[in-house]
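In this note's numbering, the protein residues as written are 33 to 146.
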């Protein structure tokens, strides 16, 4: 049984067109430009931290927590393998969470770890 959050993420993911994922076309989503293309862990963390800088005192930490949640791994694994490539599905799920956090949605609610 899917959770409401998983349904929401899946619904938003399905709204993206296949060509934007494959071609890496930039799309406007809320107030930030997001690249739905192949990206590394390190690059994704840098972009997300820049997105979160206006809503938190610890943007890099929160970007790491969200990406570790999406990848079901530890923050240490992210830091030791910044070159790891993310799939379009992982990127999409990550950016949905980053945008929610940038809209002041509480981090523990996003990860389900209250």
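All C-beta atoms, glycine included, are put in the ideal place defined by N, C-alpha and C.
Mapping DSSP to helix, strand and coil, what is residue i?
{"i": "residue 86", "result": "coil"}
{"i": "residue 71", "result": "strand"}
Measure the Cβ-Cβ separation of residue i and residue j and say whether it is below 8 Å.
{"i": "residue 143", "j": "residue 97", "result": "yes"}
{"i": "residue 136", "j": "residue 102", "result": "no"}
Would you tell me roughly how many angstroms separate the C-alpha atoms of residue i and residue j, rounded to the nearest one?
{"i": "residue 146", "j": "residue 99", "result": "17 Å"}
{"i": "residue 104", "j": "residue 126", "result": "12 Å"}
{"i": "residue 89", "j": "residue 81", "result": "10 Å"}
{"i": "residue 110", "j": "residue 132", "result": "21 Å"}
{"i": "residue 92", "j": "residue 75", "result": "12 Å"}
{"i": "residue 118", "j": "residue 138", "result": "24 Å"}
{"i": "residue 107", "j": "residue 115", "result": "14 Å"}
{"i": "residue 120", "j": "residue 71", "result": "8 Å"}
{"i": "residue 134", "j": "residue 128", "result": "10 Å"}
{"i": "residue 123", "j": "residue 79", "result": "12 Å"}
Buried or exposed for residue i, please, with buried defined as at least 16 other CB atoms from any protein chain shown within 10 angstroms of its CB.
{"i": "residue 94", "result": "buried"}
{"i": "residue 141", "result": "exposed"}
Throw me the rounded Cβ distance for the residue i and residue j pair, which I believe falls under 8 Å.
{"i": "residue 84", "j": "residue 130", "result": "7 Å"}
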